[in-house]
Structures are given as structure tokens and as C-alpha cells.
Amino acid sequence: VFCWGQTMTSWIWWLLALLVVSTCPGSQAEDMHDHMQHNMHVPADPGVQHDGHSMHHDHSMEHESGSTSPLIVLIFNGLRYDLPDVYKSRGLNLSSFEMLLKQGVRASKMRSVNPTDSMPNYWSMLTGLYPESHCIPFDSFLDSDRPGVVFHKTNLTSLSDAAWFYKGFPEPLWLANQRQGGKSLLLLPGKALLFGGSSGSPQQIGTSSNPAAQVQLLIDLMAKPGTHGKISFVLMYFTEPGDTARAHGPVSKEVGEKLVELDGHLGRLLGGLRQLGMLDSVNLVVTTDHGMAAVDSSKVLELNSLLPADWFKNRLNLPPGAQAQLWPKAGHQPADLINRLAKSKTELSVWDVTHLPSELRLSGCRRRLPPVYARANPPWLLRLSAGAPLPLGVSGYSADTEDMRPLWVARGPDFKAAGAVVDLPLESWTFTRWPASCWACSRSPTTARWRASPRC
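The sequence shown lines up with residues -29 to -1, 1 to 427 when you count with mature numbering (1 follows the signal peptide of the UniProt record, and there is no 0).
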């Protein structure tokens, strides 16, 4: 998708989007005429003409050439695409989310990348690449080049260890912004995730684990830029509602309470931008890394019951979930595990990582993959043995699973059709970085990456 400072009409964007989607494995490419008629729903508005059958002019993704509007991206972990609607129907006051949905553009069929873990999707959104290219394949993994060292998303040492982000690691959005003269701010809970040392770090970092403090810091820096100057790109990551959804289920009283809290943070940000006179000059994208599914405790597969204990190792000691990474013990081959697990083929899919299907987008980082990768088919869950406590919410299922679908909504000067709903089956990595973030920051992708990037 092009973003070289050109004015791109919505018709051209939808043509390009359709071409991308139509070549993706598993996507359902439809006739262009049907897409243009049926895949964009815009409420009646004097500035947007839509007769229910044809679209005269769609401003939802129209970009003004040379836009310098700052881009703020909020990532709410585990915020499934429909949760604001679900809790609104239950009477919860989510006025800030509701306002954003009414004033912004919503992608109703956004799709996370496989695997639907936090770290792969986080880095796919920030690099514009599939996990097979940035090689952060799971939330937890080993690397054959670093024996005995474990990467895990909750391990602060992992997140700040530049060795995981090898030489040649693709450039994230904040660096693309800085390389071209922009100023970046990252607001991450706890110790900030660095990138290849100081040269790869954002100019400004907020590391408070208190979301309210992070929001206030963002407002303060927008009001009075620091020594690095006016901020043009902001990324803020929330660990909720995902943490609560795993403990209590995605549709629960506890998640409802957490969403009300998050709605308050969003409201304070919107209010602060309004007071600064910036609300309508800033592009705001609210999204998530993946959705979340409820757990059925009667649908559990126990690996120790499916495989003899002396056949395999669970080197990562992963908790119960939708995925398992397995290593054959001495005297056994991946095929032994796969053939035995194939007896449960209706409940799970299992692969030798030397023969992964292309839609998994993992083949390019073999040194960080286990010999055998298993993924449960929803609503089934995998755990090592009976007695291991189960979560009540889980991600990690196929990205085609509806419950894995992420929320994506944007408002601002580059998203002009208030209340528009885009029904195209887009992928989050393409839609967060290209073209929206390029447009908003007026930045260009590196040519080398586009040549190397498996765009579809």
C-alpha cells in the first residue's frame, strides 16, 4: 500500500485493499462491485452520501497529502472486537468507547495474525510483517542459537534483552518515524521494551504500571513537548482487559468492571486532547493484539494422556492454553508425536515445523520454533496433565476464529466518515501500519522491507 505523501482517494485504497485481501490464503475474495456496494456501511450524514446500494464518495480512509497530524495508537490487550457492544447491551456506561465508535471508522472483520498471541501481533503491528519475518513467533519461545535462555512476555529481562532483536531485525514504526525526523513516545507498563540498544530506542519512554499516570504523561507531553520537540507518534499499551479476561473469562463481571476503568482512561485522554484543542487534529487508533475466547472446562486435552511421558519434553512448562510446543525425547522423532496426536485430529491440529502450512506464517524463523507445534481447535484446550488450573479466557486459537478477532477503530482528520463500519476481512498488521500510520505520520516504508516483506 502506498503512502509516499500522495493523496489517495478512497476508491484507490479500496481497490488496493481488495487486491491484498484477495491474494491472502484463507480470505474470501469477492467481486469488486459487491465489495464496493456491501462492505462499507456509513450512517446517514450530510458529508457522506450512501444510498444503501452504491457509494458515491467514501471519505473513511481519505488522506490529505502531506498530513502532519500526530498518530496515537492505544493497544488494549485482549480486547475482543465485540466486547464494547456486549457490555453496553448489559447496561454498562462505556461512554468514551461509544463516542469513539460513533465518531470513528471501525473495521468489523479485522483479523489478528497467527499465532494469536500478544508478542507476535504486537511486533507485526509495529513492523508491518508477519511473525515469520520478525521472528517473535510466540509469547514464550526458545532459540537454538541461545541454549537455555527463554523469552517470555512477562519476563522483564526478556523484554529488555536486545539479543532477541537480532541484527537486521525489521524497523518498528517508532524508528521509521524518528528516522524521518518525527518524534516518538512509547508508554509501556513496567520496564520499557528497548530495541537494539540506545540507537533503537524511542526518544521518550513512560514506564509506569499505572495507566492513569501514563495517560497524564501523554497529555502533559502533548501540551508541553520536551527537549525532543513535538511528538508525532505515540504508542500506549494496556495489559487489560486481557489479564482479567484470562482469570475470569471475557464476558464476566470482573471484565465489565475493568472495561469501565479503561473507558475512564480513554475518556481522560479524549478530554485532555479536547482541552488542548488537539482532539480533531490528532489521529487516534484504538486496537488490540488479539481477541479472547471463553474456556469450556469440559473440553480439555491432557498431553500426558495423549502421549507417553517418555516420548516428549515440555521445555517451556507452558500453562494450559490453546497451543503446545513439544520436543521429542531421545529415541523418538517428531513423526512419532504427530502420528499419536493425530488420533485427536478433531480436537487439535499438529504440525512438524519443517512442514508448516503457509497460512501460519512461521516458517521463516525455524530456530525459534519447537520440533512439534500443536494448536487446539476451539473450544478445546491443551494442558500437560490433570490438575493444572485452567484459565477462564484464552487466546492462541486460529486467527480465523471469530473470538480471536480484535477491535480496531480510528478517528481523526485522516478518518473522515463518522460511524463508518468496514466489513472487509483485513489483517491487523497491514491496517495498523500501512496505510493508516504512514498517512498520519507522512512517513514512508523502507524499500528494502517492502521487497522482503511477505505482504500476502
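We treat Cβ as the ideally placed atom computed from N, Cα and C, and that holds for glycine.
By the 16-neighbour rule on beta-carbons within 10 angstroms, residue 261 is buried. Boundaries for residue 320: no alpha helix (DSSP H) harbours it, while the beta strand (DSSP E) harbouring it runs 319 to 323, taken from the DSSP string. One Cα belongs to residue 304, the other to residue 93, and the distance between them is close to 33 Å. DSSP links residue 284 through a beta bridge to 298. Of the residues assessed, residue 234 falls on the buried side of the cut-off, its CB having 16 or more other CB atoms within 10 angstroms. Counting every other CB atom within 10 Å of its CB across the protein chains shown gives residue 184 a total below 16, marking it as exposed.
Residue 136 is positioned such that its CB atom lies no closer than 7 Å to that of residue 122.
Spatial neighbours of residue 78 in its own chain (CB-CB distance under 7 Å, excluding positions within 5 residues in sequence) are listed in chain order as 379, 393, 397, 402.
Annotation: residue 367 to residue 298 spans about 19 Å, alpha carbon to alpha carbon. Pairing residue 296 with residue 308 gives a Cβ-Cβ distance that is not under 7 Å. The way I'd put it, the stretch 325 to 339 doesn't touch the stretch 266 to 285; fewer than three beta-carbon pairs between them come closer than 8 Å. For residue 123, the secondary structure class from DSSP, reduced to helix, strand or coil, is strand. In the assembly as shown, residue 110 is a buried residue. Its beta-carbon has 16 or more other beta-carbons within 10 Å.
According to the DSSP secondary-structure assignment, residue 398 is paired through a beta bridge with 82. Taking a contact as a CB-CB distance under 8 Å, the pair residue 323 and residue 347 does not count as one, their CB atoms being some 18 Å apart. Counting along the chain, residue 68 sits inside the alpha helix (DSSP H) bounded by residues 66 to 74. Residues 333, 334 of the same chain have their beta carbon placed closer than 7 Å to that of residue 327, with the five preceding and five following residues left out of the count. Annotation: the continuous alpha helix (DSSP H) that includes residue 148 extends over 144 to 150. Within a 10 Å sphere around the beta-carbon of residue 120 sit fewer than 16 other beta-carbons, which makes this residue exposed. Short of 8 Å from the beta carbon of residue 317, and not among the five residues preceding or following it, lie these beta carbons of its own chain, in chain order: 348. For residue 188, the three-state secondary structure derived from DSSP is helix. Inter-residue distance for residue 342 and residue 49 is about 28 Å (C-alpha atoms, whole angstroms).
If only uninterrupted beta strand (DSSP E) runs of at least 3 residues are considered, those enclosed by the stretch 222 to 279 are 254 to 258, 271 to 273. In summary, residue 353 is buried, with 16 or more beta-carbon neighbours lying within 10 Å of its beta-carbon over all protein chains present. Nearest Cα to residue 127 within the set 178, 219, 247, 361: 178.
For residue 200, the secondary structure class from DSSP, reduced to helix, strand or coil, is coil.
Rounded to the nearest angstrom, the Cβ distance from residue 221 to residue 54 is 7 Å, consistent with a contact under 8 Å. In the displayed model, residue 206 falls within a strand according to three-state DSSP. Cβ contact annotation for residue 277 (same chain, cutoff 8 Å, sequence separation greater than five): 311, 312, 314, 315, in chain order. Note that the C-beta distance between residue 71 and residue 382 is below 7 Å.
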